Every structure is written in structure tokens, then in C-alpha cells.
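Trainee: Once you've had a glance at the structure underneath, I'll fire off some questions.
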Ligand SMILES: [Zn+2]
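Structure representation (C-alpha cells):
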């Protein structure tokens with residue numbers, strides 16, 4: 001059970017710094033459903049997600065944009081820049097900023113094409129519909145097909161003249177479009193389902209389509225549409241050869257990464273957290289040197305302010321279970337690089353996640369050896385699956401000496 005103390009009017013578990021299940025459960029009867037009695041359920045859930053400092057934690061200011069709470073010029077610059085970008089986005093037009101910009105930025109595309117895609121995602125390409133809305137003496141109809149208003153989506157994907165080009169490209173989803181859709185919205189969805197090859201080819205085709213559209217509008221000589229696809233393929237081939245990296249898909253790159261067994265007498269603990277809308281879950285799994293599953297757990301956890309906090313909470317829960325199982329030497333693996341890196345570092349954090357790190361560090365005294373390590377998501381997919389299961393549970397679920405059926409497919413991939 002651990003020791004309990006009353007803090008700010010509710011019961012908290014002293015040892016782990018978590019809110020008591022009595023305080024946090026809207027269904028429990030006694031000794032208190034304090035939070036849920038005094039606050040609306042949504043606010044009570046948010047309060048339950050705040051990590052509580054242990055007895056040694058002193059209140060302090062922290063820099064919110066940095067996950068560790070420390071200010072640096074770099075993080076200050078990043079924060080200012082992102083605020084500026086979001087100001088531009090909201091003042092110019094209401095479209096969402098693409099979640100996918102990070103992937104575009106880190107791609108192998110030449111800078112001019114990255115810049116072009118950025119303008120498309122921000123809906124700031126000078127398409128006729130936009131120019132017309134701004135009061136310029138330009139008809140809003142498409143200068144190629146003259147049958148619809150020319151939005152960014154129409155110019156790059158929706159125009160009927162581009163039908164064959166996109167069909168021949170064999171890139172998924174390019175034919176599944178709606179005229180009402182913002183380009184960024186569609187792109188965010190499609191990008192998650194494309195291989196690296198498909199994404200790069202898409203970007204080159206869009207770039208050529210846009211240049212061709214400008215040439216047609218200015219009545220310049222232009223390439224026939226049928227030559228755009230071979231040209232885009234050549235451009236991508238040239239770039240992929242130049243970066244001397246084989247044009248493999250992201251999925252295939254990741255498939256080569258696998259779970260590794262711990263050294264003999266060690267237990268490998270894989271942990272993960274998952275956020276599914278308004279609920280969060282954690283998963284942990286113990287395997288020995290031969291890969292045999294000794295225990296697993298899926299649990300619902302309070303929604304916290306950041307993914308990093310959820311991941312740190314999953315580490316803490318995994319260590320609690322390791323202690324309960326009497327494990328002494330444990331290798332803890334998670335796929336959040338920042339969290340696992342911080343756990344290996346002696347420096348504390350000023351932000352609320354620091355409280356969870358403090359609890360984890362003090363918990364380590366229960367073991368003779370604890371090591372933390374980062375692994376890519378693909379080597380941690382069993383824990384990830386358990387965390388997803390945790391999101392759907394009302395009560396924690398523990399499996400002992402038994403491989404849960406829900407992770408059979410993921411376990412088979414690790415073998
Ligand atoms: Zn058109």
C-alpha cells in the first residue's frame with residue numbers, strides 16, 4: 001500500500017508521489033472521492049495527471065517550453081519562432097499547420113522543394129482563389145481546367161487534368177480527395193501511410209505540377225503532362241543517389257530493428273505509454289535472457305501534460321512491479337529518447353516531470369542493478385501494444401507466468 005499523507009486536502013501516496021486511487025477514481029467509495037466530489041470530472045482528471053513532488057522537492061520556477069524546465073537561448077529562440085509561425089498561420093488563413101512539417105524538413109528533398117511544400121502546407125501559394133479573395137483582379141477559377149475554383153488542393157491534386165498523372169504515379173490516396181479539403185489536412189493523413197519513396201516522389205511531382213501551372217498561366221512553353229512523372233522520378237533518383245542512401249521505405253528501415261535479450265541473470269523490462277484521445281495507458285513487460293515472458297501489465301494512467309511525463313510514469317509503474325516481483329537486476333527499456341536519456345543523466349529537472357524522475361531514482365534503491373536504455377519504437381512494440389490496451393481498461397490487468405494473447409503477434413515479431 002505504501003504510506004499516505006494528506007496533501008492539499010486529498011490523499012496522496014507518499015512513496016511514489018502519485019495521487020491516491022481514492023482521490024482519483026470517480027467510482028470509489030471511501031475514504032474519499034474528494035477530487036471528483038469537488039470538481040467536474042474533466043478538471044479532476046487533469047489534476048490527477050499533475051505529478052506530485054516527493055518530500056525533498058522544493059517549489060521552483062521552471063521554463064515551460066523546455067521538457068526539463070531549464071531555460072536556454074536555443075529553446076527561447078525556438079519558442080519565439082513557433083509563436084511567430086502560428087501568428088502568421090492564424091492571421092493569414094484558418095488552415096491548420098501541418099503536423100507533418102517535421103518529416104518534410106528532415107527529408108532528403110532539396111531546399112527549394114521543402115520551401116515550396118511549406119508554402120503549400122501553409123496555404124500561401126498564390127492560387128487564383130486566394131488572389132481573388134484578396135481583391136486582386138483575377139478570376140478564382142483554375143487557369144488549367146476552368147471548371148472549378150483553384151485552391152491549393154485543386155492546383156496540386158484535384159484538377160481533372162491531373163487525373164492520369166496521379167493515377168500513373170501509383171502513390172496511395174492521391175485519387176481519394178475531396179474538393180472541400182485543405183491540402184495540409186489531406187497531406188497529414190497520407191504522409192503517415194506512405195513509404196519514403198512515395199513521399200519524395202509526391203513532393204517532386206507537386207513541384208513540377210506547380211511550375212507547369214505557372215508556365216501555362218503565363219503562356220510560356222511547357223512540358224506535356226505525360227512527361228512530368230518520368231521527370232519527377234529522375235529528380236528523385238538523382239537526389240537519392242546523391243545522398244548515397246538506398247531509397248528504402250521508412251517501414252522497411254525500421255523492420256530491421258529488433259528486441260534484444262538481456263544478459264544472463266538480468267530481467268529486461270520494456271515500458272511504454274500511450275495517449276488515445278482523452279485517456280492514457282501504460283504497459284510493461286518482463287522477459288528473461290531467453291526471451292520468455294515472466295510478467296506483463298497494462299494499466300490506465302492519468303492523462304498528463306506531456307508524452308514525456310506519461311512515459312516517465314510508465315517507467316515508475318514498471319519499476320514498482322519489478323519490486324513487487326522481487327527482481328533485483330533490471331534493464332529498463334523505453335522508446336522515448338529524451339526520457340531514457342534523462343534517466344541516465346545525473347542532472348535533475350525543474351519541470352513537473354522532475355518529480356517523477358526523483359521518485360524513479362529513489363525507487364532504484366530497491367534493486368542491486370538498474371540500467372536505463374533507449375530503443376527505437378520497433379524494438380519496443382510489445383510494450384507499446386500493452387500501453388494501447390491499458391487505454392481501454394477500467395482496472396489494471398496483470399499477467400504472470402503467461403504470455404497475454406493480446407500481444408501474441410508482437411511477441412512473434414520479436415522472436
Ligand atoms: Zn483545374
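In the UniProt record's numbering, the protein residues as written are 1 to 415.
Positions of the beta carbon are idealized from the N, C-alpha and C atoms, including for glycine.
These numbers come from a predicted model, not from an experiment.
1) Are the stretch 299-309 and the stretch 336-345 touching by the rule of at least three beta carbon pairs closer than 8 Å?
2) Could you check where the beta strand (DSSP E) with residue 270 kicks off and where it finishes?
3) In angstroms, rounded to a whole number, what distance separates the CA positions of residue 219 and residue 164?
4) Return helix, strand or coil for residue 171, following the three-state DSSP convention.
5) How about residue 161: is its Cβ closer than 7 Å to a heavy atom in ligand 1?
6) Would you mind sorting residue 317 into buried or exposed? The rule is 16 or more other CB atoms within 10 Å of its CB.
7) Within 10 angstroms of its Cβ, does residue 155 collect 16 or more other Cβ (buried), or is it exposed?
8) Using 8 Å for Cβ pairs, my map puts residue 191 next to residue 107. What's the rounded Cβ distance?
9) Quick check on residue 265: buried or exposed, where buried means 16 or more other Cβ atoms within 10 Å of its Cβ?
10) Excluding sequence positions up to five away, which residues of its chain have a Cβ less than 6 Å from the Cβ of residue 226?
11) Helix, strand or coil: how does DSSP classify residue 406 here?
12) Is the stretch 392-407 touching the stretch 337-356, taking contact as three or more C-beta pairs under 8 Å?
13) Which residue marks the beginning of the alpha helix (DSSP H) containing residue 356, and which one marks its end?
14) With a floor of 3 residues, list each beta strand (DSSP E) that falls wholly inside the stretch 311-392, ordered by position along the chain.
15) So within the stretch 100-155, which uninterrupted alpha helix (DSSP H) runs reach at least 4 residues, ignoring any that extend past its ends?
16) Return the residue from the list 74, 206, 183 that minimises the CA-CA distance to residue 166.
17) Considering only the alpha carbon of each residue, which of 342, 138, 45 lies closest to residue 70?
18) Could you pull out every residue in the same chain whose Cβ sits closer than 7 Å to the Cβ of residue 169, ignoring the five residues on either side in sequence?
19) Would a C-beta distance cut-off of 8 Å place residue 285 and residue 400 closer than the cut-off?
20) Does the Cβ of residue 284 lie closer than 7 Å to at least one heavy atom of ligand 1?
21) In this structure, does DSSP put residue 78 in helix, strand or coil?
22) Applying the criterion that 16 or more other CB atoms from any shown protein chain within 10 Å of the CB defines a buried residue, is residue 412 buried or exposed?
23) Under the criterion of a Cβ to heavy atom distance below 7 Å, does residue 205 qualify as lining ligand 1?
24) Between residue 134 and residue 404, what straight-line distance do the alpha-carbon atoms span, to the nearest angstrom?
25) Closest by CA to residue 299, which one among 344, 280, 379?
26) Might you give, ordered along the chain, the residues of its own chain that have their beta carbon closer than 8 Å to the beta carbon of residue 75, omitting 5 neighbours on each side?
27) If I follow the unbroken alpha helix (DSSP H) through residue 192, where does it start and stop?
28) Are the beta-carbon atoms belonging to residue 262 and residue 331 less than 8 Å from one another?
29) Give me, in chain order, the residues of the same chain whose beta-carbon lies closer than 7 Å to that of residue 383; leave out the 5 immediate sequence neighbours on both sides.
30) Please list, in chain order, all residues of the same chain as residue 274 whose beta carbon is under 6 Å from its beta carbon, the five residues on each side excluded.
31) Does the beta carbon of residue 154 fall short of 7 Å from some heavy atom of ligand 1?
32) Comparing the CB of residue 142 with every heavy atom of ligand 1, is any distance shorter than 7 Å?
33) Quick check: what's the CA-CA separation for residue 245 versus residue 239?
34) Using alpha carbons as the reference points, say which of 128, 362, 79 lies closest to residue 148.
35) For residue 61 and residue 145, I'd like the C-alpha separation in whole angstroms.
36) Pick from 322, 312, 301, 378: whose alpha carbon is nearest that of residue 294?
Mentor: The short version:
1) yes
2) 267-276
3) 22 Å
4) coil
5) Short note on residue 161: C-beta closer than 7 Å to some heavy atom of ligand 1.
6) buried
7) buried
8) In this structure, residue 191 and residue 107 do not form a Cβ contact; the two beta carbons are roughly 10 Å apart against a cut-off of 8 Å.
9) exposed
10) Here the set comprises nothing.
11) helix
12) no
13) 353-363
14) If we require 3 residues or more, the beta strand (DSSP E) runs fully inside the stretch 311-392 come out as 329-334, 369-374.
15) 101-105, 111-121, 128-133
16) 206
17) 342
18) 201, 205, 229, listed in sequence order.
19) no
20) Because no heavy atom of ligand 1 lies under 7 Å away, the Cβ of residue 284 does not count as near it: no.
21) Of the three classes helix, strand and coil, the one that applies to residue 78 here is helix, per DSSP.
22) exposed
23) No, ligand 1 has no heavy atom inside 7 Å of this Cβ.
24) 59 Å
25) 280
26) 63, 65, 66
27) Unbroken run through residue 192: none, as it is neither H nor E.
28) yes
29) Answer for residue 383: 270, 271, 272, 283, 284, 285, listed in chain order.
30) Around residue 274: 281, 387, 388, 391.
31) yes
32) yes
33) Summary for residue 245: the model assigns pLDDT 47, below 50, so the residue's position carries little reliability, and this model does not support an answer.
34) 128
35) Near 59 Å, if we compare the C-alpha coordinates of residue 145 and residue 61.
36) 322
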